[in-house]
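I have placed the structure first, in the form of structure tokens, so that the comments after it can refer back to it.
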Amino acid sequence: MLSLAQATAILAFTGAAVASPAPGADGTTFSLSPIPGSGSPKHGLNELIALRRRAGVEVHPKLIEVAESAGRRLHKARSAARSTGRKVTGSSWGWSEDKWDTEYLYPVQIGGKNGKTFRANIGTAAADFWCHSSAQPPEQNIGYTYYEINPAHQKVGSNYSVGYNGAEIADSYGNAYVEDVTIGSITTKQTIGAASGISQTFLSDKNMDCLIGLGNSTYNSIGPEYENNFFDNIKSQLAKPVFAYAEKKGGAVFDFGFFDPNQYTGKIAWTDNSPEEDWPAYAFYGDGFSLFDPQAKVTPRKMYIHLDASTTLSYTDPDIVTAWYKAVPGSKYDDDQQMHSIPCDSKPGGFTVVIAGQKFFTPGSQLVSIPLDNEGKMCLGGLQNIGGGVDFSLFGTTWLKNKYIMHNFANPNAVKIGFAMQPGATH
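Numbered according to mature numbering (1 follows the signal peptide of the UniProt record, and there is no 0), the sequence shown spans residues -19 to -1, 1 to 408.
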């Protein structure tokens, strides 16, 4: 997710919405897993368009056309699932499972004991907290859980307007309110944005009620003065000022206040958080890369890499992307759309990135994203290039899966990011 102001044991990955404390900790710790079956499949093309616009790269009309077509196809599929009453076992929401792991939605309660539970997309490249609200036109809230405006809780003089697509039109805007927010086992006073309007890009996601960013609070979109993100508001209640997350096929987990030793194996690679000015995303420098075999020779290269737990695809240097697809039979690159596609039944090689001297391997199967056609023959490639000479990488779910990502704020002026492989992951 972009800014302008977007698992333990196997049980942790069952998709259950849980908040379980770590035994023996001094202070609060908890783990948060997604609501079962809540994810709404996303094709990632709007994300690619947004990245290009933000970076000032021209977006070809054909790419916009393909994105709109893919969005209509997914909407049609979701509508069919609704009409037939098809459910995922254990899902209380009645939605088809997002088997491509393009979205994880977490339970968040707003409004105290009598409040509502919302489905929130939690990311690490934004610092915003906003939700659907009763201030929107009623047609924008059909099918959503929305925040009921409470005038007594309004933060007078504060509002927000945030866009993630590089365009002048905001993706969400409205006034600010202060409410009790409960995530996991912690409740805190939180300033939230109550949407008066939401862009069509976000309205196309029929499952997401709220967006919560854990990125640098300095770039929170609420003004005239920025507000703390949720993590900054709860740090003093936690056993340690840390959080971590793990994404995996079929599930995910956020850990707050502790690092779960059951979530990773081997040595942790620690590196400095090196954020970009005017962007709240966590970022770091990689030392090099290799392609295909995990034991392949590494090409040394200083790689500036951003991370986002709520971004679907991963983006890196054009020569890396080109070389990877060149080795995949049947892969295609459309000059107009500037987009790589790949046969859905491909078995491509992997992608290794070196961090703090350690290799982190991503199997090629993770880099095959959602189908682009009704037959399921061609899929969107999970590794893309932003284009236009952009000199940074952004790693989303296709890279993050099978890794445990840790954030340590013991020294708030020198935040550390740690990387480790999950148990059973290919090294």
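Note that beta-carbon positions come from the ideal geometry of N, C-alpha and C, so glycine has one too.
Asked, Found
"Straight-line CA distance for F270 to G231?", "27 Å"
"Suppose contacts are defined by Cβ-Cβ distances below 9 Å. Is A107 in contact with L192 by that definition?", "yes"
"What residue range is occupied by the uninterrupted beta strand (DSSP E) comprising Q171?", "167 to 179"
"With a threshold of 16 other CB atoms inside 10 Å of the CB of K94, please say whether the residue is buried or exposed.", "exposed"
"How would you write the range of the beta strand (DSSP E) that I193 sits in, first residue to last?", "191 to 194"
"Roughly how many angstroms lie between the CA atoms of L272 and A304, to the nearest whole one?", "8 Å"
"What do you get for residue 413, buried or exposed, if any count of 16 or more other CB atoms within 10 angstroms of its CB means buried?", "In the structure displayed, the chain extends from -19 to 408; residue 413 sits before or after that span and is not available."
"Output the distance between the C-alpha atoms of D161 and F390, rounded to the nearest integer angstrom.", "24 Å"
"Taking the beta carbon of S12 as the centre, do at least 16 other beta carbons fall within 10 Å, making it buried, or is it exposed?", "buried"
"Should Y266 go down as buried or exposed, given a rule of 16 or more other Cβ atoms within 10 Å for buried?", "exposed"
"State the Cα-Cα distance for the pair T297 and T252, rounded to the nearest angstrom.", "19 Å"
"Bridge partners of T9, per DSSP?", "L219"
"CA-CA distance, residue 433 and K307?", "Examination of residue 433 is not possible in this model, given that the chain is present from -19 through 408 alone."
"Would a C-beta distance cut-off of 9 Å place H134 and N254 closer than the cut-off?", "no"
"Between which two residues does the beta strand (DSSP E) carrying T105 extend?", "Looking at the DSSP string, T105 is not in any beta strand (DSSP E), and its letter there is neither H nor E."
"So, using beta-carbon positions, are P404 and Q171 closer together than 9 Å?", "no"
"Using DSSP with H/G/I as helix, E/B as strand and the rest coil, what is A337?", "coil"
"Nearest by alpha-carbon distance to P242: which of K384, P15, G8 is it?", "K384"
"Taking all protein chains shown into account, do 16 or more other C-beta atoms lie within 10 angstroms of the C-beta of N392, making it buried, or fewer, making it exposed?", "exposed"
"Jot down the residue ranges of each uninterrupted alpha helix (DSSP H) in the segment 326 to 395, minimum 4 residues, whole runs only, in chain order.", "378 to 381"
"Between V302 and chain D, is there a C-beta pair that is closer than 9 Å?", "Any reference to chain D falls outside this structure, which holds one protein chain only."
"What is the rounded straight-line gap between the Cα of K136 and the Cα of A220?", "30 Å"
"Just the Cα atoms here: how many angstroms apart are F376 and H287?", "6 Å"
"Are the CB atoms of G194 and F110 nearer to each other than 9 Å?", "yes"
"If G247 and I203 are in contact, beta carbons under 8 Å, what's the gap, nearest whole angstrom?", "About 40 Å; that fails the 8 Å criterion."
"Near K328, which residues of its chain fall below 6 Å by C-beta distance, leaving aside the five closest residues on each side in sequence?", "none"
"Would you mind reading off the limits of the alpha helix (DSSP H) that contains D300?", "299 to 307"
"Over the uninterrupted beta strand (DSSP E) stretch that includes S153, give me the two end residues.", "153 to 164"
"CB-CB under 7 Å to F212, same chain, minus the five flanking residues each way: which ones, in chain order?", "L195, F224"
"What does the Cβ neighbour count give for M402, buried or exposed, with the cut at 16 atoms within 10 Å?", "buried"
"Look up D268 in the DSSP assignment and give the residues it is bridged to.", "Answer is none; D268 lacks a bridge partner."
"I need the straight-line Cα distance from S72 to G330, nearest angstrom please.", "The pLDDT assigned to S72 is 22, lower than 50, so where the model puts this residue is not dependable; a value taken from the coordinates is nonetheless given after this. About 34 Å."
"Looking only at its own chain, which residues have a Cβ that is under 6 Å from the Cβ of R59, when we skip the five neighbours before and after it?", "Unreliable positioning characterises R59 in this predicted model, as indicated by a pLDDT of 46, which lies under 50. The coordinate reading is nonetheless provided below. Contacts found: none."
"If you reduce the DSSP assignment to three classes, tell me which class G66 lands in.", "Note that G66 scores 42 on pLDDT, short of 50, meaning its location in the model is unreliable and no value can be drawn from it."
"Determine the direct distance from the alpha carbon of V279 to that of G338, and round the result to whole angstroms.", "11 Å"
"What is the DSSP secondary structure of Y263, reduced to helix, strand or coil?", "strand"
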